[in-house]
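Colleague: One structure coming up, written as structure tokens, with questions to follow.
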Amino acid sequence: MTVHTAPMQPDEAKVALRASIRRQRQQRAERRLAEHADALCSQVLELDAIKEARCVSVYASRPHEPGTIPLIEALHARGVRVLIPLLGDGLQRGWGVYAGAADLIERAPGRPPEPSTEFLAADALDEADVVIVPALAVDSTGTRLGQGGGWYDRALADVRPGVPIIALTFAGEVRDDAEEPLPREEHDVRVHGVITPEGYTPLPR
Numbered sequence: 010m011t012v013h014t015a016p017m018q019p020d021e022a023k024v025a026l027r028a029s030i031r032r033q034r035q036q037r038a039e040r041r042l043a044e045h046a047d048a049l050c051s052q053v054l055e056l057d058a059i060k061e062a063r064c065v066s067v068y069a070s071r072p073h074e075p076g077t078i079p080l081i082e083a084l085h086a087r088g089v090r091v092l093i094p095l096l097g098d099g100l101q102r103g104w105g106v107y108a109g110a111a112d113l114i115e116r117a118p119g120r121p122p123e124p125s126t127e128f129l130a131a132d133a134l135d136e137a138d139v140v141i142v143p144a145l146a147v148d149s150t151g152t153r154l155g156q157g158g159g160w161y162d163r164a165l166a167d168v169r170p171g172v173p174i175i176a177l178t179f180a181g182e183v184r185d186d187a188e189e190p191l192p193r194e195e196h197d198v199r200v201h202g203v204i205t206p207e208g209y210t211p212l213p214r
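Numbering of the sequence shown is given in the working numbering, commencing with residue 10 and proceeding in unit increments.
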């Protein structure tokens, strides 16, 4: 007798995918991750939108994520105002302005580094001319698989119309929607491009 298994719901499929991708990321050596971070920095800095930007939002990477510290430092050295996610009282969502490498602090185990500068409300993201977001995977329609908390999907509501939202991933985490579509829910915000250490791929808006 054939047993038909019900297809997983998008939220269930996301949980399984996140676990698989995180396991793969854990296998990358520290030296390789540092090389990837430098390559990602170079790729981002080549974007025309970045060259013209006065304010850029960038996530501060955790171990085994696509590294952003070289990028943050390079933008800061150019005089660009860099907004980094910052949690306020009661995990209130907001931003802090990067003030230097010594300023980034891991406030609790598992949390990404955060600036110690003034807490800015969520709508401070309206200042950003480019928004760089983390992703576990991205497909060719711009669907992004995040870490699961929905933090960025809520935050991106404050991005100005027309501002590019760019995801950073490793090369094997970019998928062709025709062959490997990512599970998608109504609240998911699409990205406009994806950068890997190998290059930039613009995506349909």
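From the three backbone atoms N, C-alpha and C, an ideal C-beta is built for every residue, glycine too. Note that the structure is a prediction, hence the values are computed from the model and not measured.
Measuring only the C-alpha atoms, how far is residue 164 from residue 47?
Modeller: Here residue 164 corresponds to residue number 155 of the sequence shown, with the count starting at 1. Here residue 47 corresponds to residue number 38 of the sequence shown, with the count starting at 1. Using only the alpha carbons, I get a separation of about 26 Å.
Colleague: Beta-carbon within less than 7 Å of residue 83's beta-carbon, same chain only, minus the 5 sequence neighbours each way: which residues are those?
Modeller: Reading the sequence shown from its first residue, position 74 is the one you call residue 83. Counting only Cβ-Cβ distances below 7 Å, and skipping sequence neighbours, we find 50, 54.
Colleague: Got a sec, what are the start and stop residues for the alpha helix (DSSP H) residue 57 sits in?
Modeller: By 1-based counting over the sequence shown, the position of residue 57 is 48. Segment 57 to 61, the alpha helix (DSSP H) holding residue 57.
Colleague: Mind reading off the beta-carbon distance from residue 151 to residue 200? Whole number of angstroms is fine, and I expect it under 8 Å.
Modeller: Numbered from 1 along the sequence shown, position 142 holds the residue referred to as residue 151. Numbered from 1 along the sequence shown, position 191 holds the residue referred to as residue 200. Their Cβ separation, rounded to whole angstroms, is 5 Å, which keeps residue 151 and residue 200 in contact under 8 Å.
Colleague: Could you tell me which residues DSSP puts in a beta bridge with residue 19?
Modeller: For this step, residue 19 is matched to residue 10 along the sequence shown. BP columns for residue 19 are empty, so no partner.
Colleague: Drop a sphere of 10 angstroms on the beta-carbon of residue 8, count the other beta-carbons inside from all chains shown, and report buried for 16 or more, exposed for fewer.
Modeller: Coverage of the chain is limited to positions 10 through 214, which leaves residue 8 absent and any answer about it impossible.
Colleague: Return the first residue and the last residue of the alpha helix (DSSP H) that residue 209 is part of.
Modeller: What you label residue 209 is simply residue 200 of the sequence shown in a count that begins at 1. Segment 208 to 211 is the beta strand (DSSP E) holding residue 209; no alpha helix (DSSP H) there.
Colleague: At which residues does the alpha helix (DSSP H) containing residue 102 begin and terminate?
Modeller: Stepping through the sequence shown from its first residue, residue 102 is reached at position 93. That residue, residue 102, is in no alpha helix (DSSP H); its beta strand (DSSP E) goes 102 to 106.
Colleague: Within the same chain, show all residues whose beta-carbon is closer than 6 Å to that of residue 130, passing over the 5 residues directly before and after it, in chain order.
Modeller: As a working note, residue 130 is residue 121 in the sequence shown. So the list reads 103, once near-sequence residues are dropped.
Colleague: Just to confirm the assignment, what range does the beta strand (DSSP E) spanning residue 148 have?
Modeller: What you label residue 148 is simply residue 139 of the sequence shown in a count that begins at 1. From DSSP, the beta strand (DSSP E) with residue 148 extends over 146 to 148.
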